[in-house]
Structures are given as structure tokens and as C-alpha cells.
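Residues 77 to 467 (my numbering) are what the sequence shown spells out, left to right. Heads up, the thing below is written out as C-alpha cells.
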Amino acid sequence: MNKAIDCYTVLNSILVPIVIVSPKWDNDQLTDFTVEYSNKACEQISKNLFVKNKQISSIVKNNRILLDMYKKIYKNLKKEITSVVSFYPQSNPKYLIEANKMENGMCVLLFYHISSEKNVLKKIRYHKSCELNNSTDFLWKKLTTAVLGKNFDLVFQPQYSIRDDGLRGFEALIRWYDCELGSISPEYFIPIAEKSNYIVRLGWWIIETSLIVLKTWQTDYNFKGILSVNISPVQLREDTFLPIFTGLLNTYNINPNSLELEITESVLVDNMDDTIAVLNALSKQNVLISIDDFGTGYSSFKYIQCFPVKTLKLDKSLIDNITNEDKTSLTIANTIVNLGEYLGLETIAEGVEDEAQLDVLRKMKCKTVQGFLRGKPMNRVKCEELFKEYA
77 MNKAIDCYTV LNSILVPIVI VSPKWDNDQL TDFTVEYSNK ACEQISKNLF
127 VKNKQISSIV KNNRILLDMY KKIYKNLKKE ITSVVSFYPQ SNPKYLIEAN
177 KMENGMCVLL FYHISSEKNV LKKIRYHKSC ELNNSTDFLW KKLTTAVLGK
227 NFDLVFQPQY SIRDDGLRGF EALIRWYDCE LGSISPEYFI PIAEKSNYIV
277 RLGWWIIETS LIVLKTWQTD YNFKGILSVN ISPVQLREDT FLPIFTGLLN
327 TYNINPNSLE LEITESVLVD NMDDTIAVLN ALSKQNVLIS IDDFGTGYSS
377 FKYIQCFPVK TLKLDKSLID NITNEDKTSL TIANTIVNLG EYLGLETIAE
427 GVEDEAQLDV LRKMKCKTVQ GFLRGKPMNR VKCEELFKEY A
């Protein structure tokens with residue numbers, strides 16, 4: 077009997093968002109860990125435990141390890157949730173759990189499959205490493221194969237005008253689905269790619285694929301909106317970036333003022349003279365420049381004055397807290413919006429998830445909204461269906 081699988085079979089029978097800390101291993105088998113829940117989930121867990129009690133008991137009664145797990149579930153019910161484990165994405169039958177900051181220094185990647193029909197655990201795969209760097213190497217090897225095979229996809233999150241609800245355009249977002257690991261968040265693989273030259277190759281794939289999509293939309297759907305593409309600082313600093321990018325613009329013959337390149341504030345700090353030259357050259361080709369996650373890094377009037385910036389994007393961390401009693405995030409967000417209005421720049425609020433946040437942004441005269449409240453990232457087909465609504 078596989079102890080690791082049995083442990084998760086028990087936990088899955090009361091499936092709720094969980095946090096696993098302090099794992100213990102025996103010959104590469106997960107044998108012990110601590111489970112923590114959010115208070116919000118406790119009531120539902122208790123109901124599930126009551127209903128499933130007989131089923132669970134029949135599984136664990138002859139297995140000491142599983143019986144200990146079962147007892148720990150009760151013991152830890154009242155603990156606050158921590159952020160050690162995340163689920164990606166809840167709507168996908170394949171979940172990725174990553175616990176990357178364990179108390180004992182371990183890094184654990186757990187990959188498992190939930191049947192979409194019966195919602196029961198079918199199989200579990202995991203990679204265990206005693207050091208964080210080793211698990212990074214594990215993903216790096218996967219990433220190497222994926223980059224060479226171009227095993228990625230782009231999705232597009234819509235952006236809307238707050239004033240009239242018009243479709244401003246989309247942000248192109250990369251997705252990686254591995255047949256063994258399932259969906260892997262860019263939060264994990266982009267930093268790994270940026271530590272190697274793979275981010276450059278990956279970046280060109282993103283840019284060229286975005287240009288192909290944009291050309292199709294402009295030709296077949298008379299799309300007049302904007303497509304935003306994230307540019308890695310590593311790629312932007314390449315000597316060949318400008319000539320290659322210009323060549324692609326000419327090849328696909330798109331309307332350049334419908335393309336927006338998103339850069340982070342860190343780009344503006346490093347090699348300022350070179351960066352100014354590249355961004356000015358792009359601006360002369362009518363390519364739009366946006367500062368992503370504005371307000372969380374090296375925000376300065378100096379950078380806005382020196383660079384041909386057209387758009388400021390308010391970071392999600394600010395938006396998350398603009399309705400809280402702590403007014404700090406609200407004050408910062410309001411200052412950025414006022415700055416943008418004064419300088420004639422567009423402001424986009426990222427990560428807007430509820431009406432209360434939207435109301436605050438509307439009152440402070442933020443121009444554009446992006447987030448789950450108005451639209452989740454979608455594939456090309458869904459985008460093209462959306463065009464019909466705004467034709």
C-alpha cells in the first residue's frame with residue numbers, strides 16, 4: 077500500500093483548500109506532515125468529516141500512519157491558513173501544489189490528478205528535493221524541453237474602459253501545460269527562464285505569436301484595440317532586440333500603435349541610457365510603452381519624464397487593499413491615477429475582482445480595468461467571439 081497516495085486519498089475525501097507544512101520523508105515516500113485550514117473552511121470540513129467518517133475509518137483503521145494523519149486533521153482544524161501551498165487552477169482537473177518554503181528547508185513539488193467525474197484521487201506524482209535549487213533544476217530541465225518544442229500557449233485577458241465599458245484590448249499571457257506536471261504557473265517558470273538564455277528564446281516566441289494573432293484580428297475582425305505584451309528585462313537588454321523586433325513588425329505589417337510593450341520599473345533603473353535609446357526607437361515606430369506593476373518598485377517622476385511612457389498599470393497588490401480600512405494602498409493608487417491624468421497617461425488597474433474595488437477606481441477616475449471581475453484570461457476563439465459583442 078502506497079503511503080503517500082493513501083494519505084492524500086484520506087485528505088481528498090474531505091477535499092477543501094489545505095496547507096501542508098513540515099513534511100517527513102522515508103525512502104522518497106511522503107509519510108507525515110501537518111495540515112492546516114482556514115477558519116472559513118472549518119465548518120465545511122467538519123460536515124464532510126461527519127459524512128465521510130465511516131468511509132475514512134474503514135481506510136485508516138489498519139494503518140497507523142493514516143490514523144495519525146486523521147487525528148492531525150482534527151488537531152489542526154482551528155489554525156489559521158498560511159500560504160505554503162497553492163492550488164493551480166481550481167477549474168482544471170489537474171492541480172499543481174507547490175510547498176516551496178518548508179520549516180525544515182525542504183522544497184516539495186506535488187503533482188496529482190483529480191477525476192473530473194467522481195472528484196476522487198486517481199494518481200499522485202511528486203518530486204522531492206532536499207534543497208530548493210534541486211527542484212529548480214527539475215523544472216529547468218522540463219522548461220528546456222518545453223522551450224525547444226514550443227510547448228506553450230497564449231491566453232488573453234480583456235481590458236475595459238471604466239467610463240463606458242468599451243473593450244480597450246487584451247494582455248497576452250503565456251501558459252505552460254506539461255503532460256506530466258499539468259499547468260505550471262508563470263510565477264515559477266519565468267524566473268527560472270530569466271536566469272538563462274531561454275527567456276530570450278521564449279520571449280521571441282511570445283512576441284511573434286502575439287504579432288500573428290494581432291495581424292489576424294486586424295485583418296479578419298477589424299480589431300482596432302490594443303494588444304499588450306510583456307517584455308523581459310533580460311530580452312530588452314539584448315543588443316539584437318531592436319533590429320529583430322523591427323524586422324518582425326515589418327514582416328507582419330501590423331498597425332504598430334495597437335501594440336503595447338509592458339516593461340517593469342526595474343528595466344528603467346538598469347542601463348538607463350541604453351534603455352532610453354531602445355524605448356525611444358520603439359516609440360518612434362508608434363509602439364506603445366507601458367510600465368507594469370507601477371507603484372511597487374522604483375517609482376519616480378524622473379523615469380516618467382525620461383521615458384516615452386503612455387500607460388501606468390497599478391499593481392494588483394494595491395488594488396487588493398484599496399477597500400481596506402488601512403488607507404495606504406488607496407492613497408498610493410489615487411496618487412498614481414492623479415499623476416497619470418496630469419501627465420496625460422492612461423492608467424490601468426490590474427487584478428480587479430469585486431464591485432467595491434471598481435467603485436473606488438471609478439471615483440478616483442482610473443481609466444481602464446483588468447481583472448476577473450470583468451474577464452478571465454481566454455483563448456483566441458473566446459476573444460473572437462467577444463469581438464462580435466463590440467462590433
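From the three backbone atoms N, C-alpha and C, an ideal C-beta is built for every residue, glycine too.
Counting C-beta atoms within 10 angstroms of its own C-beta, Gln235 has 16 or more neighbours from the protein chains shown and is therefore classed as buried. Pairwise C-beta distances place the segment 281-296 in contact with the segment 328-347, as three or more of them are shorter than 8 Å. Contact between the segment 313-327 and the segment 256-268 is absent: fewer than 3 CB-CB pairs across the two stretches fall below 8 Å. Around the Cβ of Val457, a 10 Å sphere holds fewer than 16 other Cβ atoms; the residue is exposed. Burial state of Asn356 is exposed, judged by a 10 Å Cβ sphere holding fewer than 16 other Cβ atoms.
The shortest CA-to-CA distance from Thr423 to any of Ile367, Ile398 and Pro309 is the one to Ile367. Taking C-beta separations shorter than 6 Å and ignoring five residues to either side along the sequence, the partners of Val310 in its chain run Glu270 and Ile275, following chain order. In this chain, the alpha helix (DSSP H) harbouring Pro319 covers Phe317 to Tyr328. Lys389 is bridged by DSSP to Ile424.
For the options Gly242, Ser405 and Glu284, the alpha carbon positioned closest to that of Thr327 is the one of Glu284.
In this structure, the beta-carbon distance from Gln433 to Thr399 falls below 9 Å.
Taken through DSSP and simplified to helix, strand or coil, Arg251 comes out as strand. For Asp369, the enclosing beta strand (DSSP E) has its first and last residue at Leu364 to Phe370. Following the DSSP letters along the chain, one finds Asn227 in no beta strand (DSSP E), marked with neither H nor E. Taking all protein chains shown into account, Asp402 has fewer than 16 neighbouring C-beta atoms within 10 Å of its C-beta and is therefore exposed. Annotation for Cys459: Phe232 place their beta carbon closer than 6 Å to its own, counting only its chain and skipping 5 residues before and after. For the 9 Å CB-CB criterion, Arg251 and Leu219 do not form a contact. DSSP places Tyr264 within a helical segment (H, G or I) once states are collapsed to three. Membership of Ile238 in any beta strand (DSSP E) is not indicated, and neither H nor E is assigned to it by DSSP.
Boundaries of the alpha helix (DSSP H) harbouring Ser286: Tyr274 to Asp296, taken from the DSSP string. Here the alpha carbons of Asn306 and Ser342 stand approximately 13 Å from one another. The three-state secondary structure of Gln361, taken from DSSP, is coil. The beta carbon of Ile365 sits closer than 8 Å to the beta carbons of Glu336, Leu337, Ile339, Leu355, Leu358, Ser359, Phe383, Pro384, Val385, Lys386 and Thr387 from its chain, once the five residues preceding and following it are set aside; these are given in chain order. For Asn227 and Tyr418, the gap between their C-alpha atoms comes out near 44 Å. Sequence-distant Cβ neighbours of Ser308 in its own chain, meaning closer than 7 Å and more than five residues away, are Glu270, Ile275 and Gly279. Taking all protein chains shown into account, Gln446 has 16 or more neighbouring C-beta atoms within 10 Å of its C-beta and is therefore buried.
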